[in-house]
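One structure is given below, encoded as structure tokens.
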């Protein structure tokens, strides 16, 4: 069994989500061969050198799972792209490139956070290219902590305001982009998060049946994609 999750947006202000995540680690994930976290794991991350006690507790929980024998893979999201090697080493997880192709259920599967599929959101894509540029990343990691905290608050506030103002189709994936990306990677299954619209979409790629599986965000309930001998099953679960 393999589990895939995304968009937990972990933060101290949502202890219900944290409890549900720890319950998953202590329960189903202990029986899984691997756990994949496809971005926006944390609501915000300003650097491995700025871990709060809360974030350290999450790191330790991941380490316990990793030490138990479950492989843990983590992909950057748009809110936690500054997670680095120090966190991953401490948590016992492997940082995955976005995108990555992995073998799941006997087939190559493309894993993405999903934000790069939203090409109609021109303003966001421009900002993303700027923030992910190696020079920008170096500068961000070397800013004083106080400056990073102020910048993170500003970016989060602007992101919320802009998302509310944008049309639904702008902040969702571009339909034409999906088959193009899947064909380029030679896959028939794509799994991603980011859009907070959990579903399994049927489509055609290179005249072959294909599917796009969208992971759900953790807010009123949790979401996980389970891959086992029965196939791919996307399902929500209630917080205890």
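Numbering (my numbering), first residue to last: 1181 to 1420. Just so it is clear, CB atoms sit at the ideal spot from N, CA and C, and this is done for glycine as well. In this text the structure is predicted, and so the values were computed from the model without any measurement.
Which residues does DSSP list as the beta-bridge partners of residue 1287? Counted from its first residue, the chain shown places residue 1287 at position 107. DSSP, once it has assigned bridges, lists 1284 as partnering residue 1287.
Measure the beta-carbon distance from residue 1385 to residue 1363 and round it to whole angstroms, keeping in mind my assumption that it falls under 8 Å. Mapped onto the chain shown, residue 1385 falls at position 205. Mapped onto the chain shown, residue 1363 falls at position 183. With a Cβ gap of about 5 Å, residue 1385 and residue 1363 count as contacting.
Cβ pair residue 1259, residue 1220 closer than 7 Å: Indexing the chain shown from 1 puts residue 1259 at position 79. Indexing the chain shown from 1 puts residue 1220 at position 40. Cβ atoms of residue 1259 and residue 1220: closer than 7 Å.
Residue 1254 versus 1277, 1323 and 1237, residue with shortest Cα-Cα distance: Start at 1 with the first residue of the chain shown, and residue 1254 comes out as number 74. Measuring from the Cα of residue 1254, the nearest candidate turns out to be 1277.
Roughly how many angstroms lie between the CA atoms of residue 1199 and residue 1392, to the nearest whole one? In the chain shown, the residue the question calls residue 1199 occupies position 19. In the chain shown, the residue the question calls residue 1392 occupies position 212. Each residue's Cα considered, the two are about 29 Å apart.
With DSSP run on the structure shown, which of helix, strand or coil describes residue 1231? As a first step, residue 1231 must be located in the chain shown, where it is residue number 51. In the structure shown, residue 1231 sits in coil (DSSP, three-state: anything other than H, G, I, E or B).
So, at 7 Å on beta carbons, what are the nonlocal neighbours of residue 1227 in its own chain, with the 5 sequence-adjacent residues on each side left out? Residue 1227 sits at position 47 when you count from the first residue of the chain shown. Correct list, in chain order: 1262, 1321 and 1328.
For residue 1420, which residues from the same chain have a beta carbon less than 8 Å from its beta carbon, with the 5 sequence-adjacent residues on both sides left out? Counted from its first residue, the chain shown places residue 1420 at position 240. Closer than 8 Å at Cβ, skipping near neighbours: 1199, 1200 and 1203.
Helix, strand or coil at residue 1377 according to DSSP, with G and I counted as helix: Taking the chain shown and counting its residues from 1, the one referred to as residue 1377 is at position 197. Coil at residue 1377, not helix or strand.
Relative to the C-alpha of residue 1292, which candidate in 1379, 1414 and 1257 has its C-alpha closest? Here residue 1292 is taken as the residue at index 112 of the chain shown, counted from 1. For the residues 1379, 1414 and 1257, the minimum Cα distance to residue 1292 belongs to 1257.
Would you check if the stretch 1293–1302 and the stretch 1368–1378 touch, i.e. whether three or more CB-CB distances between them fall below 8 Å? yes
To which residues of the same chain is residue 1407 closer than 6 Å at the C-beta, ignoring the five residues directly before and after it? Here residue 1407 is taken as the residue at index 227 of the chain shown, counted from 1. Excluding positions up to five away in sequence, the list reads 1182, 1284 and 1285.
Could you compute how far the alpha carbon of residue 1242 sits from the alpha carbon of residue 1206? Reading the chain shown from its first residue, position 62 is the one you call residue 1242. Reading the chain shown from its first residue, position 26 is the one you call residue 1206. Taking the straight line joining both Cα atoms gives about 10 Å.
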